[in-house]
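Read the structure below first, then the notes.
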Amino acid sequence: SSTTVMLALGDALAMVLLEARGFQKEDFAKFHPGGMVGRSLLLRVHQIMRPRGALALVRPEQNVRAVLETMTSLRAGAAVVVGADEQLLGIFTHGDFVRHFQTDPRVGERLVADLMTLNPVVVHQDKMAVEVLNLLERHRIDDLVVVDDRGVPVGIVDSQDLTKLKLL
273 SSTTVMLALG
283 DALAMVLLEA
293 RGFQKEDFAK
303 FHPGGMVGRS
313 LLLRVHQIMR
323 PRGALALVRP
333 EQNVRAVLET
343 MTSLRAGAAV
353 VVGADEQLLG
363 IFTHGDFVRH
373 FQTDPRVGER
383 LVADLMTLNP
393 VVVHQDKMAV
403 EVLNLLERHR
413 IDDLVVVDDR
423 GVPVGIVDSQ
433 DLTKLKLL
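Numbered by this note's numbering, the letters in the sequence shown go through residues 273 to 440 in order.
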């Protein structure tokens, strides 16, 4: 029990010193870059995303069958729907397909514009990777569209990729 008290006292003293010196999470990341916490604090979204070349980009006038073919060829769990100006319109996921298929077996013939999620959750490519974890958890989603300063999709983060990176 005296060992436990000393450990708790040491932790309390360390916390007081950290606060007094203004120690931030970024400082922790600098001193522990190899650890899971340090790595997740240092990584930026553009370092963990699937780049635009691996993105299933589709148009709203495409039918779901064509969208699924694009997703399958890229081994993607989601398609990003963009307009002629490349602006983000929505997202269509494998889960969306399954939910719609349960009530409409001919869903493949429908336009993706009718079934996509409008205004999907996005993250800017320069944000910290740890923000991705927060957004995925808060919104209970598996795929997060990555955008640039103009709101144009430049990539996607799939929760399965985070598992491989040991960030999830």
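Virtual Cβ for every residue (Gly too), placed ideally from N, Cα, C.
Just so you know, these numbers come straight off a predicted model, no measurement behind them.
1. How would you label residue 370, buried or exposed, when you count the other beta carbons within 10 angstroms and need 16 or more for buried?
2. Rounded to whole angstroms, what's the CA-CA distance from residue 314 to residue 398? Just pull it up for me.
3. Taking 8 Å as the limit between beta carbons, can you name the residues of its chain near residue 381, skipping five residues before and five after?
4. Of the residues 426, 366 and 417, which one's Cα is nearest the Cα of residue 528?
5. Tell me the rounded alpha-carbon separation between residue 351 and residue 393.
6. Using C-beta distances below 8 Å, list every residue in its chain close to residue 316, excluding the 5 sequence neighbours before and after it, in chain order.
7. Quick one: residues in its chain with C-beta nearer than 8 Å to the C-beta of residue 332, no 5 flanking neighbours on either side, listed in chain order?
8. Do you know offhand how far residue 340's Cα is from residue 328's?
9. Nearest to residue 421 by CA position, among 318, 408, 404 and 430, is which residue?
10. Give me, in chain order, the residues of the same chain whose beta-carbon lies closer than 6 Å to that of residue 390; leave out the 5 immediate sequence neighbours on both sides.
11. In angstroms, rounded to a whole number, what distance separates the CA positions of residue 321 and residue 407?
12. Is residue 415 closer than 7 Å to residue 433 when the C-beta atoms are compared?
13. Based on the DSSP output, what are the partners of residue 419 in its beta bridges?
14. Any idea which residues DSSP pairs residue 365 with across the strands?
15. Would DSSP call residue 327 helix, strand or coil?
The relevant details are as follows:
1. So residue 370 counts as exposed.
2. Rounded to the nearest angstrom, the gap between the Cα atoms of residue 314 and residue 398 is 11 Å.
3. 335, 336 and 337
4. Shown here, the chain extends from 273 to 440; a query on residue 528 therefore has no answer.
5. 14 Å
6. 397, 398, 399, 400 and 401
7. Within the same chain, residue 332 has close Cβ partners 353, 355, 361, 362, 383, 384, 385 and 388.
8. 9 Å
9. 318
10. 362
11. 14 Å
12. no
13. For residue 419, which the question treats as bridged, DSSP gives the partners 396 and 425.
14. 350
15. coil
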